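Visitor: Below is a structure I'd like to ask you about.
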Amino acid sequence: MSVPAGRVRSFLFEQLDIRGAWVQLGEAWREMTAGRDYPVPVLQLLGQLAGVTALITANLKQPGRLTFQLRGDGEVSLLVMDCDEQLRLRGMARRLERTDASGSAGIPPASSGSLRTLLGDGSLTLTLDVAGMRQPYQSHVPLEGGSLAAVFEHYLAQSEQAPTRLWLAANGETAAGLFLQALPGAAARDADGWNRVQILADTVQSDELLGLGAIKLIERLFPEEDVRVYDPRPVSYHCPYDPAKIYSMLRGVGRAECEAVIAEQGEIRVHDDICNHEYVLDADAVAALFK
């Protein structure tokens, strides 16, 4: 089952004080990865990051723009995912270039290894920009956990002081995720509720996350629980061409430097990694920049 773009649905276990959310990205995910040619392990990792970013952004107490950066010294050097208050996503993965014995630089084939193999020793940086804040809030922590879900479970448990669980999955067509979090009164409402819900959710299969809608998935996992499901929110991919950003950057580089590149190469090419757009300026376009 594919979805038109993407959607998030929040839900609440009314008798347990446990909240949850489900996300499924279809066309939004395919647009983000079009033309990228990521190896399967990298694609899956980026898709999981897309899912968890949409889930966390949708559950922010104050609407804002949320950006996650994962940096490592493994086969993947950088993962970036950005989501605004309208749940418009954009993101990319960058693989580490290595030099072989002959001195040639290149990107080796991705392994099918673990998160540790792909990212190695790394760090997670969160940047949150909320309207009215003097400057964006930023948090920087080491990667802790054997999977992307475990990394974010640990981070959320520390930052929000609330037990949190995540289940994430992605393939070439869809990225999806399930989020559960115990609210402060959960233990008082039902001492076994959080444990019971986790055990039930642990039975979820990747193909169920990727294929079932929110209602069917909740009915499958929690048939005996009283769950209120809220209306879905759309998620989209948003990364339009932005020539003004490139022109501003080139003006910052300076006229002499730009004209030197034109003299040597005949044109200036700028690649926007996160949006996968290519900007090409000839001599006339560069001259117009500095009029």
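Remember, my numbering sits 1 above the position in the sequence shown when you count from 1.
All C-beta atoms, glycine included, are put in the ideal place defined by N, C-alpha and C.
Quick caveat: nothing in here was measured; it's all calculated off a predicted structure.
#1: Starting from H155 and walking both ways along the alpha helix (DSSP H), at which residues does that stretch end?
#2: Output the distance between the C-alpha atoms of N1 and A245, rounded to the nearest integer angstrom.
#3: Taking the continuous alpha helix (DSSP H) assigned at Q266, which residues delimit it?
#4: CB-CB under 7 Å to A284, same chain, minus the five flanking residues each way: which ones, in chain order?
#5: Look up Q16 in the DSSP assignment and say whether it is helix, strand or coil.
#6: Given a threshold of 16 other Cβ atoms within 10 Å of its Cβ, counted over all protein chains shown, does I200 qualify as buried or as exposed?
#7: Is the segment 176 to 195 touching the segment 10 to 24, taking contact as three or more C-beta pairs under 8 Å?
#8: For D74 and L46, I'd like the C-alpha separation in whole angstroms.
#9: Helix, strand or coil, according to DSSP, for T58 in the structure here?
#10: Contact check, Q70 vs V77 under 8 Å by CB: the rounded distance?
#11: Taking buried to mean at least 16 other C-beta atoms within 10 Å of its own C-beta, is P42 buried or exposed?
#12: Considering Cα atoms alone, identify which of F12, Q25, S11 is closest to E174.
#13: For M93 and E28, I'd like the C-alpha separation in whole angstroms.
#14: Considering just the uninterrupted stretch of the alpha helix (DSSP H) at M33, what are its terminal residues?
#15: Below 8 Å CB to CB, which residues in the same chain sit around L90 once its five sequence neighbours on both sides are set aside?
#16: On the criterion of 16 or more Cβ atoms from any shown chain inside 10 Å, does I35 qualify as buried, or is it exposed?
#17: So what does DSSP say about R117, is it helix, strand or coil?
#18: Check I269 in the structure and name its three-state DSSP category.
#19: First and last residue of the alpha helix (DSSP H) that includes Q136?
#20: Taking only the alpha-carbon atoms, compute the straight-line gap between V205 and S124 and give it to the nearest angstrom.
#21: Determine whether the beta carbon atoms of A170 and L44 lie at a separation below 8 Å.
Guide: Judging by the given coordinates:
#1: In the DSSP assignment, H155 falls within the alpha helix (DSSP H) that extends over 149 to 161.
#2: One cannot answer for residue 1 here, as it falls past the ends of the chain, which runs 2 to 292.
#3: Its alpha helix (DSSP H) spans residues 256 to 266.
#4: I263
#5: Three-state result, Q16: coil.
#6: exposed
#7: Because the criterion of three Cβ pairs below 8 Å is met, the segment 176 to 195 and the segment 10 to 24 touch.
#8: 15 Å
#9: helix
#10: No, Q70 and V77 are not in contact; Cβ-Cβ is about 12 Å, not under 8 Å.
#11: buried
#12: It is Q25 whose Cα lies nearest to the Cα of E174.
#13: 16 Å
#14: 28 to 34
#15: G7, L26, A29, M33, A51, T54, A55, M82, D83, C84, V236, S237, Y238, H239
#16: Note on identity: in this sequence residue 35 is Ala, with Ile being the wrong assignment. It counts as exposed.
#17: helix
#18: strand
#19: Premise fails: Q136 is in no alpha helix (DSSP H) and is neither H nor E.
#20: 28 Å
#21: no
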